[in-house]
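Notes follow once the structure below has been shown.
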Amino acid sequence: MRLGKITSTDSDKFGFYVGQYFGYGNQQGGLIGGEGVDITAKSLNNESGRIIAQTGDVNINLTGDLASNKGQIVANSGGMTIAAKKIAADYATIYSSGNMQIDASSLSSKASGSIAKNTANGVISSDSDVLININGDYNNTGWVNAKGNLTVNASGYLTNNHAFNADGDLNLTGKTITNNSDIAAGNTLNISTANDLTNNLGANISAKTTNVTAKNISNWANLVADSQLNVTASNNIYNYGNLYTAGKAVIDAKKIVNTGFWAVLGGAQGFETTANVVNVFGTVVGK
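So the sequence shown is numbered by the working numbering: it starts at 30 and just counts up by one.
Rendered as structure tokens:
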């Protein structure tokens with residue numbers, strides 16, 4: 030499908046207004062492809078709409094914006110690519126069974142509901158790998174999940190206010206990275222920024238192996254690993270929470286400040302560092 034501006038909204042109203050006359054009173058409308066969906070256009074309005082490929086891939090290539098608030102974009106048995114200037118997907122579902130790639134200058138996906146109760150929206154999810162490239166700032170306020178590997182690249186500030194999760198590897202890069210919620214990988218987690226990483230109070234960064242590279246690192250909560258924790262700061266590390274692994278920790282910086290009665294630094298199976306460690310009422314493990 031190649032057009033200028035495409036509007037396919039309010040698919041939930043199809044049955045009441047149109048479908049009942051054709052015997053489909055309970056059927057939702059939308060853009061449905063039996064063997065895939067390919068859309069090339071200037072912009073696409075899918076507010077409260079549905080774009081679904083029953084088999085095959087979903088490919089959306091826009092020179093302008095994608096509006097899909099409260100909408101669904103689904104590839105039930107295939108992969109997905111979405112390229113747009115701005116993507117608005119608040120309280121929406123973007124899902125593919127195959128690999129997913131999203132390229133945009135901004136992405137919004139506000140969430141509500143519960144994963145456990147199956148009432149969640151504001152979900153970007155794949156049964157395979159997910160790659161998200163944002164040419165600008167990315168403030169994640171939804172669930173971003175990959176059963177395979179998840180990679181998120183932001184050229185600007187990367188802020189997580191909800192959840193980044195991968196059953197496999199998880200890779201995050203940004204100009205600066207701020208975590209206010211949950212970042213978790215089943216295997217290896219790689220976090221890289223040329224500037225500062227801040228893991229705020231109540232937030233969690235965890236994986237089997239956790240690798241972090243930044244200029245300055247401030248940890249107010251849990252920055253942990255099951256088996257291996259590798260943390261490198263070109264300047265300083267400030268730990269007020271758990272910078273810890275049940276395995277081995279290798280933590281390097283010019284200076285590490287471990288402050289507070291709740292501060293735990295190191296590894297149960299060993300702690301290596303070349304930094305000047307300043308411990309004020311905290312606990313250092315494995316050294």
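Backbone N, C-alpha and C fix where the C-beta goes; we use that ideal spot for every residue, glycine too. Remember, it's a predicted structure, so these values are computed and weren't measured experimentally.
Straight-line Cα distance separating residue j from residue i
i: SER137; j: THR274; result: 33 Å
i: LEU317; j: ASN271; result: Because residue 317 is not part of the residues shown, which for the chain are 30 to 316, the question remains open.
i: ASN251; j: THR288; result: 14 Å
i: ILE123; j: ALA304; result: 44 Å
i: GLY277; j: VAL260; result: A small fix is needed here, since residue 277 is Lys in this sequence, not Gly. Whole-angstrom Cα-Cα distance: 11 Å.
i: ASN162; j: TYR267; result: 30 Å
i: ILE80; j: ASN229; result: 37 Å
i: LYS316; j: LEU91; result: 54 Å
i: ALA140; j: ALA121; result: 8 Å
i: LYS15; j: ASP196; result: The structure shown has nothing for residue 15, since the chain only spans 30 to 316.
i: LEU201; j: ASN240; result: 10 Å
i: LEU258; j: ALA282; result: 14 Å
i: SER126; j: LYS284; result: 45 Å
i: THR84; j: SER106; result: 5 Å
Range of the contiguous beta strand (DSSP E) that encloses residue i
i: PHE193; result: 192–195
i: LYS316; result: It is not in any beta strand (DSSP E) - LYS316 carries neither H nor E in the DSSP assignment.
i: LEU25; result: Given a span of 30 to 316 for the chain in the structure shown, any question on residue 25 remains unanswerable.
i: SER235; result: 233–235
i: SER247; result: 246–248
i: ASN208; result: 206–208
Same chain, Cβ closer than 6 Å to residue i, neighbours up to 5 away in sequence not counted
i: ALA358; result: Absent from the model: residue 358. The displayed extent of the chain is 30 to 316, so no value can be given.
i: LEU199; result: LEU179, ALA214 and LEU218
i: THR312; result: VAL293
i: ASN88; result: ASP67 and THR110
i: ASN216; result: GLY197, ASP198 and LYS237
i: VAL159; result: MET129, ALA175 and LEU179
i: ILE61; result: ILE81
i: ASP132; result: ALA112 and ASN162
Same chain, Cβ closer than 8 Å to residue i, five either side skipped, listed in chain order
i: LYS244; result: THR222, ALA223, ASN224, ASP225, ALA262, SER263 and ASN264
Sequence-distant residues of its chain with Cβ nearer than 7 Å to residue i (five each side left out)
i: ASN190; result: ASN168, ASN169, THR170, ASN209 and SER210
Point to revise | Uninterrupted beta strand (DSSP E) stretches inside the segment 104–189 (no shorter than 3 residues) | key: Taking 3 residues as the shortest admissible run, the segment 104–189 contains the following complete beta strand (DSSP E) segments, listed from N- to C-terminal end: 109–112, 115–117, 122–125, 129–133, 135–137, 152–155, 159–163, 167–169, 172–175, 179–183 and 187–189.
Check your understanding: Residue ranges of each beta strand (DSSP E) run of no fewer than 3 residues wholly in the segment 265–314, ordered along the chain?
Key -> If we require 3 residues or more, the beta strand (DSSP E) runs fully inside the segment 265–314 come out as 265–268, 271–274, 277–281, 284–288, 293–296, 305–309 and 312–314.
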